[in-house]
Amino acid sequence: MSNTTTTEPVDFLTEPLEIQEFRLRVREFVDKEVRPRVAENDRAAADDFDWELVRKGHEADLMRLVVPKEYGGLGLGVLGVAVALEEIAAACAGTALIFGATLLGQAPILLSSDPSLMSRFLPLFSGDEPVLACNAITEDQAGCDLLIPENAEHARDVMQARRDGDVYVLNGRKRFITNAKVAEFASVYANIEGHPGATGMTAFIVPLDTPGIVRGPVADKMGYRTCLGSELVFEDVRVPAENMVGGEGNGVHINIQQMNMARATVAALSTGVARGAFDIAKKWCEERVQGGVPLYKHQFTARKLAEMATKIEASRLMYLSAAQAADSEIPAPVFQPAAAKLFADQVSIEVAQEAMSLMGARGYLRENGMEKLLRDSLGARIYEGTPEVLALAITESLYAEDDF
Ligand SMILES: Cc1cc2nc3c(=O)[nH]c(=O)nc-3n(C[C@H](O)[C@H](O)[C@H](O)COP(=O)(O)OP(=O)(O)OC[C@H]3O[C@@H](n4cnc5c(N)ncnc54)[C@H](O)[C@@H]3O)c2cc1C
2 MSNTTTTEPV DFLTEPLEIQ EFRLRVREFV DKEVRPRVAE NDRAAADDFD
52 WELVRKGHEA DLMRLVVPKE YGGLGLGVLG VAVALEEIAA ACAGTALIFG
102 ATLLGQAPIL LSSDPSLMSR FLPLFSGDEP VLACNAITED QAGCDLLIPE
152 NAEHARDVMQ ARRDGDVYVL NGRKRFITNA KVAEFASVYA NIEGHPGATG
202 MTAFIVPLDT PGIVRGPVAD KMGYRTCLGS ELVFEDVRVP AENMVGGEGN
252 GVHINIQQMN MARATVAALS TGVARGAFDI AKKWCEERVQ GGVPLYKHQF
302 TARKLAEMAT KIEASRLMYL SAAQAADSEI PAPVFQPAAA KLFADQVSIE
352 VAQEAMSLMG ARGYLRENGM EKLLRDSLGA RIYEGTPEVL ALAITESLYA
402 EDDF
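Throughout, my numbering is defined as the position within the sequence shown, counted from one, plus 1.
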C-alpha cells in the first residue's frame, strides 16, 4: 500500500500493518454508514439521537477499540482510537465524538488496572447491543480549573463525595457531558468532602440508572450536533466504594493521565475535520474554472492548497507520534499529546476557513457541507484542554526533565 494523496493516509513508517488495515475498515464504515446521514443528523433537533448509526458503529467494533483483548476488545490502544477518529471526523466530528467519549468513559477503568472494575464494566462493550459511556468532569462554576492541577484549590462549588460506610454519596451537577443522555455509565469526578476546591478530586464509575441521577437538558450546540451534550444531576447518589478509581484524592492524577491519552485522539479528530474540508475544496479547485483554467492552476490558489495539505500532513504525523508515545510510555507523556492537540485544533480551524473561502459563495451554502465542517472545526479546541490549558501543560513539561 502507498499514499494515494496527502489526505488519504496509509503509511508503513508511521502505522503498523494491523492499524493500516483497521483504518481502511473504518473508512468503509464511514462511506457506507456515516456520510449518507451527515446532513440529516446535522439538521436534526438538538436532542435527536441516531441510535441506528451507533448500532452500525458497534457492529464495526468502534465501542471496544481500546478494550484489552482479554476483556473482549480489539486492544488497538490509543493509536487505534486516533486513527478511527480521524477517519470518522473527516465526515462528521459529532459522530466521531460519540465513540470518542465512550472511550473516554472507559479510560479511568483501564488506568485503574483494577481487575474487579475491568471485569464488571469492560465486557459490556462486546455484547449484542451497543453500550455508550461518558466522562463527566466539567461543572457550571469549574471548567478549566478542573484540568489545571495548580488551580484545583480555586475550583468553586464542585460536586461533593461523602463517605458513608461502604458507599460514597455524590451530590452536584455536571455540564456539557457528551453522551450523558444516552450512556449506560459515566466516569465521574467528585471532590471528597472537606477538601478545599477540587483538591480531593476522586474518580468513580457510576451506572447512570443509579437512583438520584437525573439526565438534564441537551445543550443546543453550533456544531457536533450528532452527539448529545447534556447535564447530569446527582442528588444523594449512593456509589459503592469499590467503584472508586485509584483511591481518594487521586482523581487529579487519573484525569491528567486520561487527558494525556485523549489529547492524541482529539488531535486526530481535528486532523480529520481539516481533511474533510480540504477534500471538498481540492475537488472544487479542480472543477471550477476561472480565468480560463481550473482554480488550482492559479498560483495564489496553488500556494493555499499546498499549505493546507502540508499542515494536515504535519498534524497527522504529530498525532500518530503522540498516540504511539501514549501507548508505549507509562504514564503517557504530557508534551507530545498536548502539542499535537494544540497544533491540530488550530490547523482544523485554519484549513476549514481557507477551504470555505476557496469555494466562494458555494462554500457558504449549507448544501455543500463546508459550513458544517467550519462549525465543527471550532469545537475541539474547547474540550480536553483549551489552547491556554494546553500551553500551560506544554510549558510545564518543557521544564520537567523526565517528560520532554
Ligand atoms: C463539543 C464539546 C464536548 C464536550 N464534552 C465534554 C465531556 O464529555 N465531558 C466534560 O466533562 N466536559 C465536556 N465539555 C466541556 C469542556 O471540557 C469545557 O467546556 C472546557 O474544559 C472549558 O471549560 P469552560 O467551558 O467552563 O470554560 P472556562 O474554564 O470558563 O474557560 C473560559 C476561557 O478562559 C480560559 N481560561 C480558563 N482558565 C485559564 C487560565 N488559568 N489561564 C488562561 N486562560 C484560562 C479558557 O482557556 C477559555 O478560553 C465539552 C465541551 C464541548 C464544546
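Note that beta-carbon positions come from the ideal geometry of N, C-alpha and C, so glycine has one too.
In the structure shown, K175 adopts extended strand secondary structure according to DSSP, grouped into three states. In the DSSP assignment, I206 falls within the beta strand (DSSP E) that extends over M202 to P208.
Taking all protein chains in view, the Cβ of F235 is crowded by 16 or more other Cβ atoms within 10 Å, so the residue is classified as buried. A distance below 8 Å between beta-carbons, with the five flanking residues on each side excluded, links K305 to the following residues of its chain, in chain order: E355 and L359. Less than 7 Å separates the beta-carbon of K182 from that of R216. Residue environment for V352: buried (at least 16 other C-beta atoms within 10 angstroms of its C-beta). Under the DSSP assignment, F301 falls in the alpha helix (DSSP H) whose first and last residues are Q300 to S329. If you look at P388, you'll find it isn't in any beta strand (DSSP E); it sits in the alpha helix (DSSP H) that goes P388 to Y400. Under the three-state reduction of DSSP output, M119 falls in the helix class. The beta-bridge partner set that DSSP reports for V290 consists of P295. Distances taken from the Cβ of C93 to the heavy atoms of ligand 1 include none shorter than 6 Å.
The C-beta distance from N369 to R363 rounds to 5 Å, short enough to meet the 8 Å contact threshold. Short note on Y169: C-beta not closer than 6 Å to any heavy atom of ligand 1.
The alpha-carbon of D51 is positioned some 29 Å away from that of N256.
In the DSSP assignment, Q161 falls within the beta strand (DSSP E) that extends over Q161 to D165. Between the region 377–390 and the region 263–270 there are three or more C-beta pairs closer than 8 Å, enough to call the two in contact.
Setting aside the 5 residues that flank it on each side, A191 is surrounded in the same chain by M160, Q161, A162, L171, G173, T203 and F205, each with a C-beta closer than 7 Å to its C-beta; the list follows chain order. Sequence-distant partners of V390 (beyond 5 residues in either direction) whose C-beta falls short of 8 Å from its own C-beta, in its chain, are C145, L148 and I149. Using a cutoff of 6 Å, the CB of N136 counts as near ligand 1, since one of the ligand's heavy atoms is closer than that. Looking at the DSSP output, F235 bridges to G173 and I214. A direct Cα-Cα distance of roughly 42 Å separates V84 from G195. Residue pairing for Y190: DSSP places it in a beta bridge opposite A204. Across the structure, N152 and F100 are spaced so that their CA atoms are roughly 30 Å apart. A46 and M223 have their alpha carbons spaced roughly 12 Å apart. Not one heavy atom of ligand 1 falls within 6 Å of the beta-carbon of T266. Taking the Cα of P218 as reference, the smallest distance to any Cα among R239, A307, D48 and K373 is reached at D48.
Rounded to whole angstroms, the gap between the alpha carbons of Q259 and A303 is 40 Å. Closer than 6 Å to some heavy atom of ligand 1: that describes the Cβ of Y225. Contact annotation: the region 25–39 touches the region 78–94, with at least three C-beta pairs closer than 8 Å.
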